[in-house]
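Residues in the sequence shown are numbered consecutively from 250, following this note's numbering. In what follows, a single structure is set out as C-alpha cells and then discussed.
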Amino acid sequence: MTSVRPVEHGGSTVLVEIASEKKVIGRVRVSANVPLDDTLTPFMAAALPIALHRRTPLHLQGEVDGVALEHIGEVGALLSGWYPALTRVPVTAEAVVPGSQQRTDDPPRSTGGVGCFFSGGVDSLYSAVKHAGADLTHLIFLTGFDISLRDPVRASSALRANRVVADRLGLQLIEMTTDLRSVGDRYAEWGPVYHGAALAMAGLLLSPVLDRVLVPSTFQSEFMHPWGTHPDLDPLWSSSRVRFVHDGDERTRPQKVAVLADHPFALDHLRVCWEQRGEGTTTYNCGRCEKCVRTMVNLRVVGAAGKCATLPADLTPEQLADLPRVPGRQIPSRENLAELDRRGRHDPRLRSALLRRLRYDAVWGAQAAAEAQIRSVARRLLIS
Numbered sequence: 250m251t252s253v254r255p256v257e258h259g260g261s262t263v264l265v266e267i268a269s270e271k272k273v274i275g276r277v278r279v280s281a282n283v284p285l286d287d288t289l290t291p292f293m294a295a296a297l298p299i300a301l302h303r304r305t306p307l308h309l310q311g312e313v314d315g316v317a318l319e320h321i322g323e324v325g326a327l328l329s330g331w332y333p334a335l336t337r338v339p340v341t342a343e344a345v346v347p348g349s350q351q352r353t354d355d356p357p358r359s360t361g362g363v364g365c366f367f368s369g370g371v372d373s374l375y376s377a378v379k380h381a382g383a384d385l386t387h388l389i390f391l392t393g394f395d396i397s398l399r400d401p402v403r404a405s406s407a408l409r410a411n412r413v414v415a416d417r418l419g420l421q422l423i424e425m426t427t428d429l430r431s432v433g434d435r436y437a438e439w440g441p442v443y444h445g446a447a448l449a450m451a452g453l454l455l456s457p458v459l460d461r462v463l464v465p466s467t468f469q470s471e472f473m474h475p476w477g478t479h480p481d482l483d484p485l486w487s488s489s490r491v492r493f494v495h496d497g498d499e500r501t502r503p504q505k506v507a508v509l510a511d512h513p514f515a516l517d518h519l520r521v522c523w524e525q526r527g528e529g530t531t532t533y534n535c536g537r538c539e540k541c542v543r544t545m546v547n548l549r550v551v552g553a554a555g556k557c558a559t560l561p562a563d564l565t566p567e568q569l570a571d572l573p574r575v576p577g578r579q580i581p582s583r584e585n586l587a588e589l590d591r592r593g594r595h596d597p598r599l600r601s602a603l604l605r606r607l608r609y610d611a612v613w614g615a616q617a618a619a620e621a622q623i624r625s626v627a628r629r630l631l632i633s
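Have a look at this one:
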C-alpha cells in the first residue's frame, strides 16, 4: 500500500508523509503567501502517480473531498491507459467530505478567485494576457518545479519578474514553494506524467482562495497527445471547491509568441530556460539550451526576432546549422514550418534547418520512446 498522512498544517504551510508498508517514501512540504486547504485532497493528486507506479492501493489517512475521490479513479484509468508502466489502483480515505457533486464541466462558482499557473514562459504568459481584464484574478508561481530549491538566485530573479507581470496585468501573485519533486521524480517522468499531478496538488491547496484554476496548454489541439497536462485529464483533478480548466490549446506555440509580441512588457519578462547551459549564464535565459533556441526560432518565424529582451536577438549560424532536438517530438518543427507557410515568410535558411531537424526527429523519435520505456521499467526495479 501507498499511504499519505498529515504531519503539519500551519495555515499557509502544509507537511505530509508518503509511505509504503515498510518505509517512508518521503515528506512533502508546501508553503505559500495565502491560506492553504486543510484536507488531504491535494495530496491524493500528488501521491497518485507514485501509487500507479508502485502498483499498490493508495490510502489517505485523513479527510478528502468526495467529488475529487469520485474522479480519481478516472484519472488513474486515463494515465494507465496512456502509459503501460502505470497500473490503475484503488484509492480510499479515512473520511470523505461531502461535496456539492459539481460536475467538472459545470459553470464555475463566482464566490472566489480565478487563478492561472504561471512560470513566465510562453504558454502561461499567453494565458495570462488572454484572460487578464476578464475573469482572471490571480497568477500562481511555484518554486521547486522548473526552478530547483537549490537555486535561490534564479528563483528570486523569476519571482521579481513575475511580480512585475502580475502588477502590470492588475492581478495578484500567489507564491508557492514545494519540495515535491524530491519525492515524485523518483517514480514518474516529470513532463509526460508527474507535472500535471503536481499542478493539481497546488491548485487544490488553493481552495480557500480560488474556485477555478487555468492550466496553460503545452500543445495545440491538432498536436495533442498523452502528457501530464491534457484537456481530457486536467478537469478530472477537480474537487467540489476547485475546478481545473485546460486553457490555450487553440494556438500553436509560434502563434502564442506572435500574440506576446504585441505586448512588449510580456517579452521583457519571458522566462523559458530551465537548463542554464554554459559558463557565465544569466539567472534568466541562457540562450543556448533547447528551450531557449526553440523560443528564438518561434520569434524568428513570426517576425519578432530581437524583440525579446531576455533572449539573444537572433540565432547564431551554428545554432541554425544544428537545431537542438526535442526528445521524442517532431511537433516544434512541424508547428514552425506550418506558421512560416501561413505567414508566407521567405526564410530559406530557417526552413532548411527545420526540415533537416524534422527528418532527423522522425528517426530519433522511435529511439527516444524506447529509451523512455526502459527508464520507466528501471525506475520500478530500483525503487519498488
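Using N, Cα and C, we set each Cβ at its ideal position, and we do this for glycine too.
Between the C-alpha atoms of residue i and residue j, what's the straight-line distance to the nearest angstrom?
| i | j | result |
| --- | --- | --- |
| S405 | I396 | 10 Å |
| G225 | L572 | This structure cannot speak to residue 225, because the chain is shown only from 250 to 633. |
| G382 | G362 | 13 Å |
| Q421 | S373 | 15 Å |
| N585 | E424 | 33 Å |
| R304 | V346 | 26 Å |
| S261 | L463 | 21 Å |
| D590 | V575 | 22 Å |
| H320 | W486 | 7 Å |
| D483 | H495 | 6 Å |
| N411 | R543 | 22 Å |
| P401 | V279 | 16 Å |
| E270 | A294 | 20 Å |
| V273 | R254 | 11 Å |
| G593 | V546 | 16 Å |
| H258 | F292 | 13 Å |
| S252 | S466 | 31 Å |
| P333 | Q525 | 33 Å |
| W331 | H479 | 12 Å |
| A281 | K556 | 34 Å |
Give every residue of the same chain whose Cβ lies closer than 7 Å to the Cβ of residue i, excluding the five residues on either side of it in the sequence, and list them in chain order.
| i | result |
| --- | --- |
| C541 | V521, C522, N534, C535 and L560 |
| S431 | G275 |
| A407 | G369, I396 and R520 |
Got a sec? Which residues, its chain only, sit under 6 Å from residue i by beta carbon, not counting five neighbours each side?
| i | result |
| --- | --- |
| T290 | V313, D314, A317, L453 and S488 |
| A554 | L548 and D563 |
| F514 | R417 |
| A507 | V551 |
| T341 | H308 |
Please list, in chain order, all residues of the same chain as residue i whose beta carbon is under 8 Å from its beta carbon, the five residues on each side excluded.
| i | result |
| --- | --- |
| T360 | Its pLDDT being 48, under 50, T360 is placed unreliably by the model, and the measurement read from it follows with that caveat. Excluding residues within five positions, the ones whose Cβ falls inside 8 Å are D460. |
| P457 | V283, P284, L285 and D286 |
| T288 | G311, E312, V313, D314 and V346 |
| D511 | none |
Who pairs with residue i in a beta bridge, going by DSSP?
| i | result |
| --- | --- |
| H258 | V263 |
| P573 | Its beta-bridge partners do not exist; DSSP assigns none. |
| Q469 | In DSSP, Q469 forms no bridge with anything. |
| T427 | V279 |
| F390 | E424 |
| F292 | Bridge partners of F292: none, in fact. |
| E312 | A344 |
| A410 | None, per the DSSP bridge assignment. |
| V273 | A268 |
| F366 | I389 |
| R606 | Per DSSP, none; premise fails for R606. |
Would you check if the distance between the CB atom of residue i and the CB atom of residue j is smaller than 8 Å?
| i | j | result |
| --- | --- | --- |
| E588 | Q469 | no |
| G497 | S376 | yes |
| G364 | L455 | yes |
| L448 | F366 | yes |
| G477 | L429 | no |
| R518 | G369 | The displayed chain sequence assigns His, not Arg, to residue 518. Taking 8 Å as the Cβ cut-off, H518 and G369 qualify as a contacting pair. |
| T427 | V256 | no |
| R583 | L607 | yes |
| E343 | L309 | yes |
| L569 | A611 | no |
| V371 | R502 | yes |
| I299 | G433 | yes |
Can you tell me whether residue i sits near the ligand GTP, meaning its C-beta is under 7 Å from at least one heavy atom of the ligand?
| i | result |
| --- | --- |
| V256 | For the structure depicted, the ligand GTP is absent and the ligand set is empty, with no information on it obtainable. |
- prompt: Counting only runs that start and end within the region 479-551, where is the beta strand (DSSP E) found for 3 or more residues in a row?
  reply: Counting whole runs of 3 or more residues, the region 479-551 contains the beta strand (DSSP E) stretches 492-496.
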